[in-house]
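Before any comments, here is the structure.
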Amino acid sequence: MKLARALFFLFLVIFPFGQLAKLLNIFGLSFNLCFIDLLAFLVFLIWLLEKTLKKQISKTSFFKFKPTILFLLVASVSLFLNSGRFEVGELMISSLYLLRFAIYFGFFLALIDLAKSSEKFLNYLLAIGTGFAMFGVLQLGLWPNLKALETIGWDPHFYRLTSTFLDPNFAGLILVFTFLISLVSFLKKRKWKFFFLTIFLFICVFLTQSRSSLLALFFGISIFCFFKLNLKAILLAVIVLAVGASLVPKPAGEGGKFLRTYSINARMVGYSNAIEVIKDNLLFGVGFNTYRYIQRDYGFLDKTSWKENNAGAGIDSSLLLVLATTGIIGLIAFLWQGVFFIKLAWKRKTSDEGIIFLSSAGALLIHSLFVNSMFYPWIMGWMAVLLAGTAQIKESKR
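6 is the number of the first residue of the sequence shown in this note's numbering; add one for each residue after it.
Dropping the structure here:
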């Protein structure tokens with residue numbers, strides 16, 4: 006297991022570099038491979054080979070997570086049933102999205118075995134999240150205007166903290182996750198370094214100017230306060246968030262307005278398009294994840310730039326994407342998976358790990374209603390590490 010652990014640590018080191026650490030258009034396909042994808046796969050592969058050689062597969066946690074296995078099966082069936090609608094290359098690219106999801110599930114299973122201390126996992130996440138936040142401050146200071154990236158399919162964000170993701174919404178969610186761990190660390194250890202780190206991360210979330218991340222922050226804090234039985238703290242969180250939103254520096258123009266309408270209108274168009282696809286493919290969907298090609302065929306994407314559009318393969322709602330690509334059956338399996346993981350953490354709700362996972366899961370759910378965050382590689386990787394650490398806690402821990 007030494008090699009698997011070494012690769013896991015390399016995964017942690019690479020994580021904060023975000024979009025700077027990925028391979029573009031691998032094998033000539035319009036699919037980008039993140040280095041963390043490759044490392045997660047290698048960790049899983051080495052773990053699987055060792056378990057197979059030792060004939061210990063039956064003793065692993067694999068068969069305990071039936072909901073995820075069911076979702077993977079349904080997603081595979083949906084892709085197979087729709088295979089006649091696409092070219093071979095398009096099916097290959099679509100299957101890579103499914104493979105990525107399966108890899109992070111395998112990565113999670115491997116980490117359950119690799120975890121010697123769940124507290125260390127929290128420390129690892131806090132460290133990489135802090136590094137990511139520092140990259141964000143550096144980006145905001147040195148490269149606040151990302152308009153130059155518009156030519157290669159990115160949104161032209163202006164004076165918003167995007168860090169190495171080059172996207173304030175995804176960056177904001179990672180910062181929310183890190184904030185929750187830092188908050189728990191401060192309340193548990195009462196050290197000034199955690200106090201200042203918590204404040205720093207709180208400010209960084211606001212600097213993303215991401216409304217979905219601010220909502221995620223509010224719900225994450227609210228769930229945390231609920232478990233701590235401190236309703237006054239929830240009210241205080243509302244006040245602090247409102248004051249923070251009014252005080253944070255805002256760039257000139259539409260992008261600096263919290264009540265900006267252009268992104269809302271774009272999301273509504275995306276939701277409307279998704280509903281049209283869903284109505285035509287209700288039972289098994291259009292195949293996971295063929296959505297870029299479906300948008301092209303329905304005329305939702307520009308015929309000349311549909312390949313370059315970074316958001317073309319998704320919908321600004323993870324659950325809508327699941328429903329559109331795997332149908333009602335896939336959505337049921339996916340929701341069962343979510344409930345299963347929540348139950349796992351709920352049985353450990355008296356532990357720091359359990360509370361952090363439940364708070365983070367609540368933040369992720371809210372965030373994913375507006376952004377396709379559940380299938381973002383770095384989000385999947387983070388939640389895999391966090392859930393593996395949580396699974397290590399005994400249900401009776403207090």
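The beta-carbon is built from N, C-alpha and C at its ideal position, and this holds for glycine as well.
Problem set entry | P161 burial status per 10 Å Cβ neighbour count (16 or more: buried) | By the beta-carbon neighbour count (other beta carbons within 10 angstroms, threshold 16), P161 is exposed.
Exercise. Short check: CB of G225 to CB of F293, under 9 Å?
Worked result: Not closer than 9 Å, so no.
Problem set entry | Own chain residues within Cβ distance below 8 Å of W351, not counting five before or after | In its chain, beyond the 5 residues on either side, G359, L363 have a beta carbon closer than 8 Å to the beta carbon of W351.
For this session: Quick one: measure Cβ to Cβ for F184 and L206, integer angstroms, because I've assumed they're closer than 8 Å.
Result: Right, the Cβ-Cβ distance comes to about 4 Å (below 8 Å), so this counts as a contact.
Exercise. Who are the near neighbours of Y381 in its chain, counting only those whose CB is closer than 7 Å to its CB and skipping five residues on each side?
Worked result: Closer than 7 Å at Cβ, skipping near neighbours: F175.
For this session: Would you verify that the beta carbon of I361 is, or is not, closer than 9 Å to some beta carbon of chain D?
Result: In summary, chain D is missing from the structure at hand, where a single protein chain is found.
For this session: Could you spell out where the alpha helix (DSSP H) holding M379 opens and where it closes?
Result: Counting along the chain, M379 falls outside any alpha helix (DSSP H), and DSSP gives it neither H nor E.
Exercise. Roughly how many angstroms separate the alpha carbons of R403 and T330, rounded to a whole number?
Worked result: The predicted model places R403 with a pLDDT of 45, which falls under 50 and marks its position as unreliable, so this point remains unresolved.
For this session: State the start and end residues of the unbroken alpha helix (DSSP H) segment that holds H372.
Result: For H372, the uninterrupted alpha helix (DSSP H) run begins and ends at 357-372, by DSSP.
Exercise. Cβ of L391 within 9 Å of Cβ of F112?
Worked result: For L391 and F112, no; Cβs fall outside 9 Å.
Exercise. If we call anything under 9 Å between Cβ atoms a contact, is L370 one with G343?
Worked result: Contact check for L370 against G343 passes: the beta carbons are separated by less than 9 Å.
Exercise. What residues in its chain sit with their C-beta under 7 Å from that of I334, if we drop five residues either side in the sequence?
Worked result: Correct list, in chain order: V79, L288, F289.
For this session: Look at the Cβ atom of A389, then the Cβ atom of A221, and state whether they are nearer than 9 Å.
Result: No, these two residues do not count as a Cβ contact at 9 Å.
For this session: Quick one: give me the first and last residue of the alpha helix (DSSP H) that F342 is part of.
Result: Note that residue 342 is Gln in the sequence shown here, rather than Phe. Where Q342 is concerned, the enclosing alpha helix (DSSP H) stretches over 323-351.
For this session: With DSSP as the reference, label N150 as helix, strand or coil.
Result: N150 falls in the strand class under three-state DSSP.
Exercise. Under 9 Å between the Cβ atoms of L4 and L15?
Worked result: Residue 4 is absent from the model: the chain starts at 6 and stops at 403.
Exercise. With a Cβ-Cβ cutoff of 9 Å, do V48 and L116 count as a contact?
Worked result: Going by C-beta atoms, V48 is nearer than 9 Å to L116.
Exercise. Can you give the Cα-Cα distance for I98 and K193, rounded to whole angstroms?
Worked result: Distance between the alpha carbons of I98 and K193: 46 Å.
For this session: Give the DSSP bridge partners of K27, in chain order.
Result: Answer by DSSP bridge pairing, in chain order: C39.
For this session: With a 10 Å radius around its C-beta and 16 neighbouring C-beta atoms as the bar for buried, classify Y129 as buried or exposed.
Result: With 16 or more other Cβ atoms within 10 Å, it is buried.
For this session: Quick one: measure Cβ to Cβ for G134 and I186, integer angstroms, because I've assumed they're closer than 8 Å.
Result: With a Cβ gap of about 7 Å, G134 and I186 count as contacting.
Exercise. Quick one, are the C-beta atoms of G141 and L212 less than 9 Å apart?
Worked result: Contact flag set, yes.
For this session: Classify F110 as helix, strand or coil using the three-state DSSP reduction.
Result: Helix, per DSSP.
For this session: Report all residues from its chain with a CB closer than 7 Å to the CB of G394; omit the five preceding and five following residues, and keep chain order.
Result: For G394, same chain residues with a beta-carbon under 7 Å away, outside a window of 5 residues either side, are A120, S123, F126, L127, E358 in chain order.
For this session: Alpha carbon to alpha carbon, how far is R353 from I228? Give it in angstroms, no decimals.
Result: Distance between the alpha carbons of I228 and R353 is about 15 Å.
For this session: On the DSSP bridge assignment, give the partners of F231 in chain order.
Result: According to DSSP, F231 shares a beta bridge with no other residue.
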